[in-house]
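The listed protein sequences correspond, in order, to chains G and E.
Numbered by the working numbering, the letters in the first sequence go through residues 619 to 1443 in order.
Numbered by the working numbering, the letters in the second sequence go through residues 11 to 100 in order.
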Amino acid sequence: MKNSLAFISGLARQRPWLWVSRCFLAFFVWFAASLSLAANNPLSELERYLGDLNKAADKIERELSLRDVTDTQLSRLRLEVPKLSDELFLRALQFQPRVIEIDEGLERLGPKPADGKTESEEIAQERKSLAEQRSAATLTLKDAEILSVRLRQLSAAVIDTQRRKFTEELMTARPVTWELFDKAREQAREEFQAFRDLMAGWLDTLTRFKSGRMAIALVLALSIFVGTRVMVRRNITTIARLKRTEDNPAYLSRLLAALWTALLPSLALALACIAIYQLFALFGLFRFRADQVVKSALIVIAGVAFVSYLIRGVLAPRYPAWRLLNISDAAARRLSWLGVAMAVIYGIDYFINDVGTLLSSPVDLTVIRSFVTTLLIGVLLMATVLTTLRTDTDGSALRYRGWSPTIALGIWLIIVLMIVASVLGYVSLGRFFARQVVITGSIAVTMYIGFLAARSISQRDAFRGTRLGNFLQSRFELGDLAMDQIALLIGLLINIAILLIGVPVILLQWGFNALDLQSWLNTAVNGFSIGGIRISPSGILIGVGVFVLGIVATRIVQRWFDLKVLTRTRFDTGVKDSIRAGIGYTGYFIAALMAVSYAGLNLSNLALIAGALSVGIGFGLQNIVNNFVSGLILLIERPIKTGDIVTVGGQGGTVHKINVRSTEVETFDRETLIIPNADLINSTVGNWMHKDQTRRMILKIGVAYGSDVEKVRQILLDAAAADSRIATTPEPFVYFSDFGASSLDFQLRVILRDIMDTLSVESDMRFRVVAEFDKVGIEIPFPQQDVRIKELPVQPEPEKKPRRTRRKGDEGTKTSDVDGADGHI
Amino acid sequence: MIRYAVMIAITGVLGSTGVATALTIKNADSNPVTVSVTQNGVRTDLPLAAGETQSVCPSGCFIRFPNGDMQIFKGDENVVVQGGSGRIQQ
């Protein structure tokens, strides 16, 4: 102590500032360490969290056990519990690294030494401490696990209670009797009185004391409404071409028109409603409960208006050409009235229900209200179905073709059930049916219209008439076929989108939980296991997308290389083709690899496939692989290239294209030969253009005995020299080949500069030679035969003229085994 | 041709390398053990024969090892059970 003091004082004496700074540093380190220790103790933090969560679970359990737990409460719990469960897992998961650390520490220390052996005190101490930490961790994790099980059970209990309550409510019969009506009438009067008191007082205050502010609010809201309305009107006429003057608009235009006519005015009205509510709230014009009544009324007004606009847009009672469903004018008129009426009844019911809840309306009244609503809706629905099923008086078919008897029967059944249930006293059940029929029905009809739109788009030539179609066609210079394919694709996408949106909405409507749907979606997207195999649709989709992108990128690189690099080189077309194809194969290969790895598939397992495939290659794919590899060899070794004139298996032609498996050769008769690449590698292939474009041409000619052979030679050589297509080195050469039967046979042997000129040079030479021979009187003889007659017949016949015959192809001129090598056959 | 090659490749790949990301648990001991797996609040006992490997809980779970230790897993780890305790293998 003394020493250390002396040391410190010594230090301080030497460099006081250094000493002070060290002190600070030490303090800082200690402070930081203690802070990090506090923050770094996830175990206690997790424990605290678990304690809180346990309390939350207790509370939920209590809530559930209450008899009068409401539907809203249950719905909230149903969302809340799984959320808690997820959070619990995530919080516990944060704890994983710490446990791994402890485990690793224990592992590093090794197992406890056997009895009799000792280890250092330090190690024993550390092992003990780590073991303690491990068991503490296990305890906490166990708590978390138990809690997760508990939450799961709670979740199940919530769903169970919800279901039970729902069935209970549906199955409770409250017989509708005259007494009930009387009671309800009495209650209704009282409730109306209460409502009037509430509203009258409020309105009175408004008009007498706050009229100025109210006027301002109303004027503002009105101006918003009028403003949007005007804007919307202008847009409607321009966007949707809603002057409705066209006689036969495309289905898509009709659909857009319906949507715009429904959406835009509704939007204007909704904005105005929101404005009224917000302005009233802003100006302090509301009083207790009045705001809720106003809100409810505004919601009903906006909702009913939207539904009415939609119905009128879809059915277009006054504009038959713009109708989305194939029904008559009368039916459209009737249906739109029925639809609007249903919306209004629903709206009123909704409003009264809200006000009733506000004023805690008695049960009897609620029962009677539901009863009346259900009956009214039932009757309207019946009228709707009757309208669509009946035949019109003027003979035009009112019946909608889409109705199948089964669907119609189903709808009838539900309507009857609805009414019967209500009459028997199962008012909730009837109301439930009514709600399902109307809401699910509207969603189904909306989806159906969407499907119709998709179908009409994918119809031949329908898409080209639309604005988008026109734009695409002019922008990308697409052909009709491409447009058709795009239309098909768009139709398919629309169908998928409708299903993706519509089905979840219907399921939600039927009481499925958003969370269930989400988890289904998760499963569908993130994958599910079948046996040991995990299938991940999103992964596969991403993989396919990556592959397509890879191919597009390859094409772009290929084109760029082609236009920017290869055109500047002096490679011949064959080399360019090889390079292009090489880039393509590499790109495809990389794209495939990327796709596979993006699809979430394990590349290390590819070895397995390679093994499996090698067996396949050995048996079935041998030929294909052989040809593929041969194709690669063709590209690298280049015995033939595109544009070469080749002879394969006795047939000659021009190489058109070298593919992966086969090579296309076009004969001079314009027949395309598809030759497997392996044949080109394994058998003898004659290539006239392998090294250069030249070829030897032999022109055979015979002259009569007695001709001046030197002159013949000179004429032939002159003729050759006169043609610029004939090479001068090696120089043309006349070969006196034979003393033939009736002629002296010569051959003019020349080298052509370009094999493509074969036919024309041959022909021109003959013309020239014949002309020159004629000038100097050299004769090209026919084959001649003398016929001697040994004995004369008794009766002399008319004398036969000695005849000169000509053996075909024997004499005269003849050349070339490659006929037609000239470009112009 | 490319189309066929791609089709064959994709079919092959999908067919054999479907196993992507599930937790695998392997018993490296010479005698059978049982671990308790709790996934989404559902507890199941998972018997593992000597040397056996099983694929479980892709979306995470708690696992209790034969020696009583408990650990939490994200769902993509490779776990080896040895001497009653479990370790994550990298």
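We put the CB at the ideal spot given by N, CA and C, even for glycine.
Check: Alpha-carbon to alpha-carbon, Ala1199(G) and Thr1185(G); Outcome: 16 Å
Check: Contacts around Leu727(G), its chain only, beta-carbon distance under 8 Å, and the 5 residues preceding and following it disregarded; Outcome: Ile741, Glu744, Arg745 and Leu748
Check: Beta strand (DSSP E) segments (min. 3 residues) lying fully within the stretch 1283 to 1361 of chain G; Outcome: 1290 to 1294, 1303 to 1305, 1313 to 1321 and 1351 to 1357
Check: Alpha-carbon to alpha-carbon, Thr688(G) and Leu759(G); Outcome: 35 Å
Check: Residue span of the alpha helix (DSSP H) that contains Ser978(G), given as start and end; Outcome: Per DSSP, Ser978(G) belongs to no alpha helix (DSSP H) and is neither H nor E.
Check: Run of the beta strand (DSSP E) containing Met80(E), from where it starts to where it stops; Outcome: Met80 to Phe83
Check: Same chain, Cβ closer than 6 Å to Gln99(E), five either side skipped, listed in chain order; Outcome: Asn88 and Val90
Check: Reference Asp86(E), options Gly96(E), Leu58(E) and Cys67(E), closest by Cα; Outcome: Cys67(E)
Check: Close beta carbons around Leu897(G), own chain, < 7 Å, minus the five adjacent residues each side; Outcome: Ala835, Leu838 and Ala839
Check: Through-space distance from Val699(G) to Ile73(E), alpha-carbon basis; Outcome: 22 Å
Check: Per-residue contacts from Ile718(G) into chain E (C-beta, under 9 Å); Outcome: Gln81, Arg97 and Ile98
Check: Boundaries (first-last residue) of the beta strand (DSSP E) holding Cys891(G); Outcome: Careful: Cys891(G) lies outside any beta strand (DSSP E), inside the alpha helix (DSSP H) at Tyr869 to Leu900.
Check: Status (buried if at least 16 other CB within 10 Å, exposed otherwise) for Thr1191(G); Outcome: exposed
Check: Own chain, CB closer than 6 Å to Ala1072(G), minus 5 neighbours either side, in chain order; Outcome: Gly1109, Ile1112 and Asn1113
Check: Simplified DSSP assignment, three categories, for Lys1259(G); Outcome: coil
Check: Integer Cβ distance of Arg1288(G) from Asn1245(G), believed to fall under 8 Å; Outcome: Contact doesn't hold; Cβ gap of about 25 Å is too wide.
Check: Beta-carbon gap between Arg930(G) and Ser954(G) smaller than 8 Å; Outcome: yes
Check: Top-ranked residue by Cα proximity to Thr1312(G), from Ile1373(G), Leu1125(G) and Leu1231(G); Outcome: Ile1373(G)
Check: Minimum Cβ-Cβ distance from Glu763(G) to chain E less than 8 Å; Outcome: yes
Check: Within chain E, partners of Gln751(G) - CB distance below 9 Å; Outcome: None at all; the shortest Cβ gap to chain E is about 12 Å.
Check: C-alpha gap between Asp909(G) and Met849(G), whole angstroms; Outcome: 29 Å
Check: Nearest-angstrom beta carbon gap, Ile1067(G) and Leu873(G) [assumed within contact, 8 Å]; Outcome: 7 Å
Check: Environment of Ser1491(G) [buried if 16+ CB atoms lie within 10 Å]; Outcome: Nothing about residue 1491(G) can be read from this structure; chain G reaches only from 619 to 1443.
Check: CB of Leu702(G) within 8 Å of CB of Ala674(G), strictly; Outcome: yes
Check: Reduced DSSP category for Arg74(E) - H, G, I as helix; E, B as strand; rest coil; Outcome: strand
Check: Contact list for the stretch 1289 to 1315 of chain G against chain E, Cβ threshold 9 Å; Outcome: none
Check: Coarse secondary structure for Leu1042(G), derived from DSSP in three states; Outcome: helix
Check: Touch test, the stretch 45 to 52 of chain E against the stretch 762 to 772 of chain G, Cβ-Cβ under 8 Å, three pairs minimum; Outcome: yes
Check: Residues of the stretch 58 to 73 of chain E whose Cβ lies closer than 8 Å to any Cβ of chain G, in chain order; Outcome: Ser65, Pro68, Gly70 and Phe72
Check: Cβ-Cβ separation, Gln81(E) to Val717(G) (assumed contact under 8 Å), whole Å; Outcome: 6 Å
Check: Through-space distance from Gly1028(G) to Leu1016(G), alpha-carbon basis; Outcome: Caution is warranted here: a pLDDT of 44 is assigned to Leu1016(G), below 50, making its placement in the model unreliable, and the coordinate value is therefore given only provisionally. Rounded to whole angstroms, Leu1016(G) to Gly1028(G) spans 20 Å at the Cα level.
Check: At least 3 beta-carbon pairs within less than 8 Å: the stretch 1388 to 1396 of chain G vs the stretch 1353 to 1365 of chain G; Outcome: no
Check: First and last residue of the uninterrupted beta strand (DSSP E) at Gln49(E); Outcome: Val43 to Gln49
Check: CB contact below 8 Å: Val767(G) versus chain E; Outcome: yes
Check: Segment contact, 8 Å Cβ cut-off, at least three pairs: the stretch 872 to 890 of chain G with the stretch 943 to 962 of chain G; Outcome: no
Check: Simplified DSSP state of Phe1364(G), which is helix, strand or coil; Outcome: strand
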